[in-house]
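Numbering (the numbering used here), first residue to last: 2 to 206.
Built from N, CA and C at the ideal position, the CB exists for glycine as well.
Working notes for the structure below.
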């Protein structure tokens, strides 16, 4: 039986085509930046939202996931309906920018209903980014490496999320939530910029 070791270069993203490479790097930063706040989001709510408690936090998360789940299929249908990948790319970049900027609104709110509106908006923007990202990733994934490249994706995003979750907790307790939220938005925008190098590889049909 032939031994099939995973080449170390895969962990450095050297054996992966440019589109998948930059998609992975983008999500490593974008998803990681979200974890700066996610694990301690309930603490932010209790400190900055009038009447904020565990129930408010639960409703806020529920609104986000419910909105994303309800709108994902219609958004994916729109993306698939238009021929070519250019629409996928433009939708991905545009809504990724919105998703990065929306958390800055946390700096200006004080009421639970303000929070719920923001969570709805985040759910709506990610309903567009999730299917468009995965559509491009799926089309460009290297043949015979599908399992490996998805494993690399989940490993790298998981490690970055774990690291930034710890960093986020430290920043919130030492510097404060406003700095943390600005850092989240900044990192997320930087991650979105890593999508731009894939534009030359996007297929028109």
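{"Item": "Around the C-beta of residue 111, are 16 or more other C-beta atoms found within 10 angstroms, so that it is buried, or is it exposed?", "Value": "exposed"}
{"Item": "Quick one: grab the DSSP three-state call for residue 52.", "Value": "coil"}
{"Item": "Pull up the CB-CB distance for residue 31 and residue 97, whole angstroms please, since I reckon it's below 8 Å.", "Value": "7 Å"}
{"Item": "May I have the straight-line CA-CA distance separating residue 185 from residue 51, to the nearest angstrom?", "Value": "23 Å"}
{"Item": "Is the Cβ-Cβ distance between residue 189 and residue 77 less than 8 Å?", "Value": "no"}
{"Item": "State whether the segment 148-163 contacts the segment 49-68, with contact taken as three or more CB pairs (one from each stretch) at a distance under 8 Å.", "Value": "no"}
{"Item": "Under a three-way DSSP split, which group does residue 17 fall into?", "Value": "coil"}
{"Item": "Looking only at its own chain, which residues have a Cβ that is under 6 Å from the Cβ of residue 45, when we skip the five neighbours before and after it?", "Value": "178"}
{"Item": "The alpha helix (DSSP H) that contains residue 145, what's its start and end?", "Value": "Counting along the chain, residue 145 falls outside any alpha helix (DSSP H), and DSSP gives it neither H nor E."}
{"Item": "When the distance is taken between beta carbons, is residue 129 closer than 8 Å to residue 92?", "Value": "yes"}
{"Item": "Can you list, in chain order, the stretches of the alpha helix (DSSP H) that have 4 or more residues and sit fully within the segment 123-183?", "Value": "147-175"}
{"Item": "Measuring CB to CB, does residue 23 end up less than 8 Å from residue 198?", "Value": "yes"}
{"Item": "Contact defined as beta carbons within less than 8 Å: I believe residue 47 pairs with residue 39. What is the distance between those atoms, to the nearest angstrom?", "Value": "Not quite, the Cβ-Cβ distance comes to about 15 Å (not below 8 Å), so this is no contact."}
{"Item": "Mapping DSSP to helix, strand and coil, what is residue 111?", "Value": "coil"}
{"Item": "Straight-line CA distance for residue 2 to residue 142?", "Value": "Any reading at residue 2 is ruled out, since the residue's pLDDT is 45, under 50, leaving its predicted position unreliable."}
{"Item": "Buried or exposed: where does residue 4 fall if 16 or more other Cβ atoms within 10 Å of its Cβ makes it buried?", "Value": "Here residue 4 scores only 49 on pLDDT, less than 50, and its place in the model is too uncertain to base an answer on."}
{"Item": "Please go through the same chain and pick out, in chain order, the residues whose beta-carbon is closer than 7 Å to the beta-carbon of residue 181, but skip the five residues on each side of it.", "Value": "37, 38, 169, 172, 173"}
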